[in-house]
Amino acid sequence: MTTDDHHLDGNAAGGVLGQIFAFEMTTAEVICAHCDAVGPIGAAVVYATAMGTIVRCRGCGEALIRIAHGPQRYWVDFSGTRLLQLAAAE
Amino acid sequence: MERTALPGRLAWQLGRVVDIVDETPRCRSLILDVPDGIGHTAGQHVDVRLTAADGYQAQRSYSIASPPEDQHLVLTVERLDDGEVSPYLTEVLREGDQLELRGPIGGYFTWRVADGGPLLLVAGGSGIVPLMAMLRHRAAQHSTVPTRLLHSSRAFDAIIYRQALEQLAAADPTLMVAHTLTRRQPADWAGYTRRIDRAMLADVAGAPSEQPQAFVCGPTALVETVASALVELGHDPVRVKTERFGASGGTP
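What follows is the structure in structure tokens.
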């Protein structure tokens with residue numbers, strides 16, 4: 082798979098999310114705060130640029146997760162996610 | 006580059022190019038030595054990060070083509086004319102160069118021999134890459150899980166892994182490989198000559214009653230078509246896993 086495009090599937094956010102969280106995030110289920118749609122992050126729509134990553138709901142298109150990349154830090158905005166379900170390690 | 010020590014978190018690491026193999030006129034495989042290893046499962050991908058002299062960084066995701074059993078990590082990269090990263094990887098990068106990698110990524114589109122089968126793999130263009138990792142893993146484990154692959158390419162010389170697939174299938178009666186060429190076909194071409202549709206899937210996908218695990222990877226339009234057609238044919242949507250990449254990947 083080559084993803085030389087700014088509009089990708091949710092797996093493209095797996096890298097930056099995996100750097101921040103200790104969980105496998107592409108299989109994490111999110112409930113959209115805007116439309117209540119439920120699904121794994123891997124199935125969402127991702128817009129990635131050098132400045133940041135936006136994970137959008139495949140149902141309504143609103144932002145679920147916004148991650149901005151800065152020098153030595155990340156800013157992570159989860160205001161579009163009502164609930165996140167993570168699979169704990171066995 | 007920082008290698009952070011946070012347990013369970015991904016971090017950037019360096020891989021060195023030990024060999025480069027041309028797969029098609031637009032596509033190359035990068036054979037990488039990654040000292041700390043990636044520890045992936047077939048179907049997963051890595052992020053590749055490039056940093057320009059002025060500090061500008063660009064990163065993209067590439068599926069891993071090699072099975073977990075291989076010593077080296079192999080990425081197969083297709084050159085996209087308007088790409089920011091792929092032209093560098095396919096034209097500029099040389100043996101001995103280093104790349105920053107982060108992975109493995111993705112817990113959904115994966116297959117291990119222990120997951121069983123039968124397997125139904127459907128690829129559009131470079132969507133074959135993660136499926137090839139599954140096929141190589143299957144071969145490395147001497148698995149006889151019945152497997153069917155339908156591979157859509159634009160033209161004969163654009164078929165990624167054509168010879169490798171021929172070799173795998175020739176040595177393995179439990180592996181069936183079918184091709185379709187959507188734009189140009191050689192005069193003696195015996196395969197399909199159109200985009201994948203429901204009739205083609207009915208021909209090659211096997212009976213839904215066999216309950217295959219399906220993996221579909223390619224451009225968004227192909228993935229949507231194949232996934233809906235499989236469900237219409239009676240395959241369980243839960244057993245149809247998809248991975249799509251953006252519109253600029255083109256439609257094979």
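Residue numbers (the numbering used here), protein chains in the order written: chain A, 82 to 171; chain B, 6 to 257.
Every residue gets a Cβ at the ideal spot worked out from N, C-alpha and C, and that includes glycine.
These numbers were taken from a predicted model, which means no experiment stands behind them.
Proximity test, Cβ basis, 9 Å: residue i and chain A
| i | result |
| --- | --- |
| SER73(B) | Per the sequence shown, residue 73(B) should be read as Pro rather than Ser. PRO73(B) does not count as touching chain A. |
| GLN62(B) | yes |
| GLU105(B) | no |
| PRO12(B) | yes |
| ILE201(B) | no |
| SER66(B) | yes |
| ILE110(B) | yes |
| ASP52(B) | yes |
| TYR166(B) | no |
| LEU15(B) | yes |
| TYR197(B) | no |
| ARG244(B) | no |
| ARG141(B) | no |
Any non-hydrogen atom of the ligand ZN closer than 8 Å to residue i Cβ
| i | result |
| --- | --- |
| THR134(A) | Among the ligands in the structure shown, none appear at all, so the ligand ZN cannot be discussed. |
Status (buried if at least 16 other CB within 10 Å, exposed otherwise) for residue i
| i | result |
| --- | --- |
| CYS141(A) | exposed |
| ALA252(B) | Low confidence applies to ALA252(B): its pLDDT is 42, below 50, so where it sits in the model is not reliable, and the reading given next is rough at best. By the neighbour-count rule (16 or more Cβ atoms within 10 Å), ALA252(B) is not buried but exposed. |
| ARG33(B) | buried |
| LEU167(A) | exposed |
| PRO152(A) | exposed |
| TRP156(A) | exposed |
| MET6(B) | Here the model assigns MET6(B) a pLDDT of 49, short of 50, so the residue's position is not dependable, and the following value carries that caveat. When all chains shown are included, MET6(B) counts as exposed. |
| GLY20(B) | buried |
| GLU105(A) | buried |
| ALA129(A) | buried |
| SER68(B) | buried |
| MET82(A) | Residue confidence for MET82(A) is low, a pLDDT of 40 falling below 50, so the modelled location carries little weight; the figure read from the coordinates is stated next. Per the 10 Å Cβ criterion, buried. |
| ARG99(B) | exposed |
Segment limits, alpha helix (DSSP H) that includes residue i
| i | result |
| --- | --- |
| HIS150(A) | No alpha helix (DSSP H) holds HIS150(A); the beta strand (DSSP E) holding it covers 144-151. |
| VAL231(B) | 225-237 |
| ALA145(B) | 133-145 |
| VAL97(A) | 95-101 |
| VAL209(B) | 203-209 |
| ARG167(B) | 167-175 |
Residue-level contact to chain B via CB, residue i, 9 Å cutoff
| i | result |
| --- | --- |
| MET97(A) | What sits at residue 97(A) in the sequence shown is Val, not Met. At least one chain B Cβ lies under 9 Å of VAL97(A). |
| GLU110(A) | no |
| PHE159(A) | no |
| GLN100(A) | yes |
| ALA169(A) | no |
| LEU164(A) | no |
| GLY142(A) | no |
| GLY123(A) | yes |
Sequence-distant residues of the same chain with beta carbon closer than 8 Å to residue i, five excluded per side
| i | result |
| --- | --- |
| VAL26(B) | ARG33, SER34 and ILE36 |
| THR185(B) | LEU155, HIS156, SER157, SER158, GLY196, TYR197, THR198, ARG199, ARG200, ILE201 and MET205 |
| GLY91(A) | THR107, PRO121, ILE122, GLY123, ALA124, ALA125, VAL126, VAL127 and VAL136 |
Span of the beta strand (DSSP E) around residue i
| i | result |
| --- | --- |
| GLU248(B) | 245-250 |
| MET106(A) | Per DSSP, MET106(A) belongs to no beta strand (DSSP E) and is neither H nor E. |
| ALA129(A) | 126-129 |
| GLY120(A) | 119-121 |
| GLY108(B) | 103-110 |
| VAL182(B) | 180-186 |
| HIS50(B) | 50-56 |
Neighbourhood of residue i by C-beta distance below 6 Å, restricted to the same chain and skipping five residues each side
| i | result |
| --- | --- |
| THR108(A) | PRO121 |
| ALA144(A) | ILE135, ARG137 and GLY161 |
| LEU170(B) | VAL182 |
| ARG203(B) | ALA234 |
| GLU258(B) | Because chain B in this structure spans residues 6 to 257, residue 258(B) falls outside the shown range and cannot be described. |
| VAL127(B) | LEU155, VAL221 and VAL231 |
7 Å Cβ shell around residue i - same chain, five flanking residues per side excluded
| i | result |
| --- | --- |
| PRO242(B) | VAL236 |
| SER71(B) | HIS77, LEU78, VAL79, ALA138 and ARG141 |
| GLY239(B) | PRO213 |
| GLU28(B) | SER34, THR81, ILE165 and TYR166 |
Under 8 Å from the C-beta of residue i: neighbouring residues of chain D
| i | result |
| --- | --- |
| ARG188(B) | Looking for chain D here will not work: the only protein chains present are A and B. |
Could you check whether the stretch 110-121 of chain A touches the stretch 127-146 of chain B, counting it as contact only if at least three pairs of C-beta atoms, one from each stretch, sit closer than 8 Å? A contact between stretches requires three or more CB pairs, one per stretch, nearer than 8 Å, and the stretch 110-121 of chain A fails this requirement with the stretch 127-146 of chain B.
Decide if the stretch 93-105 of chain B is in contact with the stretch 46-54 of chain B; the criterion is three or more beta carbon pairs, one per stretch, under 8 Å apart. Yes, the stretch 93-105 of chain B touches the stretch 46-54 of chain B.
query: Quick one: any contact between the stretch 158-170 of chain B and the stretch 88-96 of chain B, if contact means 3 or more CB pairs under 8 Å?
result: Contact between the stretch 158-170 of chain B and the stretch 88-96 of chain B is absent: fewer than 3 CB-CB pairs across the two stretches fall below 8 Å.
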